[in-house]
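Q: Numbering (my numbering), first residue to last: 122 to 327.
Sending over a structure as structure tokens; questions will come in a sec.
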């Protein structure tokens, strides 16, 4: 059963808008209606008119860094907001957002974030992973395992068919989400959350 979502995309670049539209409309499990907002001056009016469930917006757009201001001006107090990121951004700018989508995220990662926000299952029914581990996407978990195994960014990129730049972006996101900034810290995290067995790490170090 698909989840119906009305998403407003506030983005001046037609290339970015078209790319995101194509990706969002192919997400399994979601039926998405996209409202494109090309001019930032039209954001409050468009939100008032269409009453979307979710707003995707670049937090660096002039005058639109404060989510509460957007909600108040549009009259959409229950509006969920995702930051649309092109580069590393100060965490203080992202504190009020419900989540974020990086320009390098793939379809599975975006779908996972939407599922986390709009899951119809009660919170207590979620089992298996710890709360911390659910923060990471499947791709990010793969990269954690590769880092713990001592692989370089280039080796990770080759193994997962990614660019080195994308791997670096994922690693920054992992560090931000987990607040872990060392390989030894990630090793402990990976073992505790059963991403890798202790025996696998010992065989790598020999």
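Don't be surprised by glycine CBs; every beta carbon is placed ideally from N, CA and C.
Note that the structure is a prediction, hence the values are computed from the model and not measured.
1. Would you decide whether residue 288 is buried or exposed? Buried here means 16 or more other CB atoms lie within 10 Å of its CB.
2. Between which two residues does the alpha helix (DSSP H) harbouring residue 274 extend?
3. What's the gap between the Cα of residue 179 and the Cα of residue 205?
4. Should residue 278 be counted as a contact of the ligand SAH given a C-beta to heavy atom distance under 7 Å?
5. If residue 168 and residue 129 are in contact, beta carbons under 8 Å, what's the gap, nearest whole angstrom?
6. Would you identify the three-state DSSP class for residue 181, choosing helix, strand or coil?
7. For the 8 Å Cβ check, are there 3 or more pairs between the stretch 269-280 and the stretch 298-311?
8. Could you have a look at residue 222 and say whether DSSP puts it in helix, strand or coil?
9. Note down, one range per segment and in chain order, each beta strand (DSSP E) of at least 3 residues found wholly within the stretch 137-199.
10. Take residue 123 and list the residues in its own chain whose beta-carbon comes closer than 7 Å to its own, dropping the five residues that flank it on each side.
11. Does DSSP classify residue 231 as helix, strand or coil?
12. Grouping DSSP H, G and I as helix and E and B as strand, with all else coil, what is residue 320?
13. Buried or exposed: which applies to residue 265, given that a residue is buried once 16 or more other Cβ atoms fall within 10 Å of its Cβ?
14. Excluding the five sequence neighbours on either side, which residues of its own chain have a C-beta within less than 6 Å of the C-beta of residue 171, listed in chain order?
15. I need the boundaries of the beta strand (DSSP E) containing residue 131, first residue and last residue.
16. Measure the C-alpha to C-alpha separation of residue 202 and residue 132 and round it to an integer number of angstroms.
17. Please check the pair residue 220 and residue 260, which I expect to be a contact at CB under 8 Å, by giving their CB distance rounded to whole angstroms.
18. Under the rule that 16 or more other beta-carbon atoms within 10 Å means buried, what is residue 160, buried or exposed?
19. Hey, residue 189 and residue 217: beta-carbon distance below 8 Å or not?
20. In terms of alpha-carbon separation, which member of 208, 315, 305, 303 lies closest to residue 286?
21. Report back the beta-carbon spacing between residue 215 and residue 173 to the nearest angstrom; my notes put them in contact at under 8 Å.
A: According to the structure shown:
1. Residue mapping note: residue 288 aligns to position 167 of the chain shown, counting from 1. Its Cβ being crowded by 16 or more others within 10 Å, residue 288 is buried.
2. Within the chain shown, residue 274 is the residue found at index 153, counting from 1. Taken as a continuous stretch (DSSP letters only), the alpha helix (DSSP H) holding residue 274 covers 274-281.
3. Taking the chain shown and counting its residues from 1, the one referred to as residue 179 is at position 58. Taking the chain shown and counting its residues from 1, the one referred to as residue 205 is at position 84. If I take the Cα positions, the gap works out to 5 Å.
4. This structure lacks the ligand SAH, and indeed carries no ligand of any kind.
5. Against the chain shown, residue 168 aligns to sequence position 47. Against the chain shown, residue 129 aligns to sequence position 8. Yes, they are in contact, since the Cβ atoms of residue 168 and residue 129 sit about 6 Å apart, within 8 Å.
6. Here residue 181 refers to the residue found at position 60 when the chain shown is read from its first residue. DSSP places residue 181 in coil when its eight states are reduced to three.
7. yes
8. Residue 222 sits at position 101 when you count from the first residue of the chain shown. In this structure, residue 222 counts as strand in the three-state DSSP scheme.
9. 151-158, 175-178
10. Position 2 of the chain shown holds residue 123. Closer than 7 Å at the Cβ level, and outside the excluded window around residue 123, lie 150, 151, 152.
11. Translated into positions along the chain shown, residue 231 becomes position 110. It is helical.
12. In the chain shown, counting from the first residue as 1, residue 320 sits at position 199. The answer is helix: DSSP assigns residue 320 an H, G or I state.
13. In the chain shown, the residue the question calls residue 265 occupies position 144. With 16 or more other Cβ atoms within 10 Å, it is buried.
14. As a first step, residue 171 must be located in the chain shown, where it is residue number 50. Excluding residues within five positions, the ones whose Cβ falls inside 6 Å are 156.
15. Locating residue 131 in the chain shown gives position 10, counting from the first residue. Residues 124-131.
16. The residue given as residue 202 occupies position 81 in the chain shown. The residue given as residue 132 occupies position 11 in the chain shown. Computed Cα separation, rounded: 14 Å.
17. Taking the chain shown and counting its residues from 1, the one referred to as residue 220 is at position 99. Taking the chain shown and counting its residues from 1, the one referred to as residue 260 is at position 139. The Cβ separation is near 15 Å, so there is no contact.
18. As a first step, residue 160 must be located in the chain shown, where it is residue number 39. When all chains shown are included, residue 160 counts as exposed.
19. Numbered from its first residue, the chain shown carries residue 189 at position 68. Numbered from its first residue, the chain shown carries residue 217 at position 96. Yes. Within cutoff.
20. Counted from its first residue, the chain shown places residue 286 at position 165. Among 208, 315, 305, 303, the Cα nearest to that of residue 286 belongs to 208.
21. By 1-based counting over the chain shown, the position of residue 215 is 94. By 1-based counting over the chain shown, the position of residue 173 is 52. Actually they do not touch by this definition, with Cβ atoms about 20 Å apart.
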